[in-house]
Amino acid sequence: MWFITSQKNGVSALGLQRVLGLGSYRTAWTWLHKLRRAMIRPGRDNLHGEVEVDETYVGAPEEGVRGRGATGKAIVAIAVEKDGRGFGRVRLRHIKDVSADSLLTFVSSAVEPGSTIQTDGWPGYSGLRNVGYQHQPTVISASTDPAHVVMPRVHKVASLLKRWLMGTLQGGIQHQHLDYYLDEFAFRFNRRRSKARGMLFYRLAQQAVAIEPVPYRAIINADGSES
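Sequence positions in the sequence shown follow the working numbering and run 2 to 228.
Here it is in structure tokens:
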């Protein structure tokens, strides 16, 4: 647990197996997934205030297709709290599509009602006012500024997420396990200002003993895949 939290960018199952001298990749993979399930504190406070929300697509690149037209990739909804000119906390979730139902469900689970949500002009966000939020949409195609200028925080987090998935984990993630990798990313990002690695270890240990144990068979999916 100390080794995992002491690595700034995380660790892959293969890396953990090598460092600990484990004879089985499955053991390392299972340990990591058990710990990822402890990285999100039950009952944590939702984001509030001003929040940028957007989606990004992760997975193998599809030649000639970008953004909401891409298929075969996993869609990740991202919410980033504004903290002055900087970043507050983040929330990320794997969603099945960019419909209003999926997007509004994500926002409702991640952001306190009454908060101000800044989005692009995608119609899926148009119902935010009806569910208790202030909504500030910007139609990017009609704006003089590009998307990364209009919503710099959420685009920066999306870029960091993709770099982390490809760098630390070599992008090898099954969609059914993606939410737990997103939880690890959020755990690390939301504690990025912590000067002591020991605090991350303490928080993870504290949460690990508070959750129910998860056996290997409950972690893998029905076809037994690991990633």
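A virtual CB, placed ideally from N, CA and C, is assigned to each residue, including glycine.
Backbone secondary structure at residue i - three-state DSSP
| i | result |
| --- | --- |
| PRO153 | helix |
| ASP224 | Unreliable positioning characterises ASP224 in this predicted model, as indicated by a pLDDT of 40, which lies under 50. The coordinate reading is nonetheless provided below. If DSSP states are grouped into helix, strand and coil, ASP224 belongs with coil. |
| ALA78 | strand |
| ARG92 | strand |
| GLY85 | coil |
Status (buried if at least 16 other CB within 10 Å, exposed otherwise) for residue i
| i | result |
| --- | --- |
| SER25 | exposed |
| PHE186 | buried |
| TYR203 | exposed |
| GLY87 | exposed |
| TYR181 | buried |
| GLU213 | exposed |
| ASP146 | exposed |
| GLY225 | Low local confidence applies: a pLDDT of 48 at GLY225 is under 50, so the model's placement there is unreliable, with the coordinate-based value given in what follows. The residue in question, GLY225, is exposed, as its Cβ has fewer than 16 Cβ neighbours within 10 Å. |
| TYR126 | buried |
| LEU21 | exposed |
| GLY73 | exposed |
| ALA223 | Here ALA223 scores only 39 on pLDDT, less than 50, and its place in the model is too uncertain to base an answer on. |
| GLN119 | buried |
| ARG193 | exposed |
| SER232 | Any answer about residue 232 is impossible in this case: the structure gives the chain only from 2 up to 228. |
| ASP121 | buried |
| ALA29 | buried |
| VAL132 | exposed |
| ALA219 | exposed |
| ALA143 | exposed |
| GLY44 | exposed |
| VAL52 | buried |
Candidates the options, of which the one nearest residue i by Cα
| i | options | result |
| --- | --- | --- |
| LEU179 | LYS9, ALA29 and ARG37 | ARG37 |
| LEU15 | SER7, VAL54, TRP3 and THR31 | THR31 |
| ALA159 | ILE76, ASN10 and MET2 | ILE76 |
| LYS35 | ALA78, MET2 and LEU105 | MET2 |
| ILE41 | VAL112, MET200, LEU17 and ARG92 | ARG92 |
| GLN18 | PHE4, GLU113 and HIS95 | PHE4 |
| THR106 | ARG94, LEU201, GLY115 and SER116 | ARG94 |
| LEU129 | THR6, ALA197, VAL54 and LEU201 | VAL54 |
| PRO216 | ILE96, LEU205 and LEU33 | LEU33 |
| SER110 | HIS49, LEU166, ALA29 and ARG164 | HIS49 |
| THR139 | VAL151, GLY89 and THR57 | VAL151 |
| VAL108 | LYS9, MET200 and VAL81 | VAL81 |
| VAL12 | GLY168, GLN177, ASP46 and GLN208 | GLY168 |
For residue i, the residue or residues it bridges with in DSSP
| i | result |
| --- | --- |
| TYR58 | ILE76 |
| LEU36 | Paired residue(s): none; LEU36 is not in a bridge. |
| LEU48 | VAL112 |
The ligand NAD heavy atom lying under 8 Å from the CB of residue i
| i | result |
| --- | --- |
| THR139 | Looking for the ligand NAD in the displayed structure turns up nothing, as the structure carries no ligands at all. |
Mind pulling the alpha helix (DSSP H) runs of 4 or more residues that sit fully within the segment 109 to 159?
-> Every alpha helix (DSSP H) of 4 residues or more that sits fully in the segment 109 to 159 is shown, in chain order, as 148 to 151.
Contained alpha helix (DSSP H) runs [length at least 4] in the segment 179 to 225, N- to C-terminal order | Counting whole runs of 4 or more residues, the segment 179 to 225 contains the alpha helix (DSSP H) stretches 179 to 190, 198 to 209 and 217 to 220.
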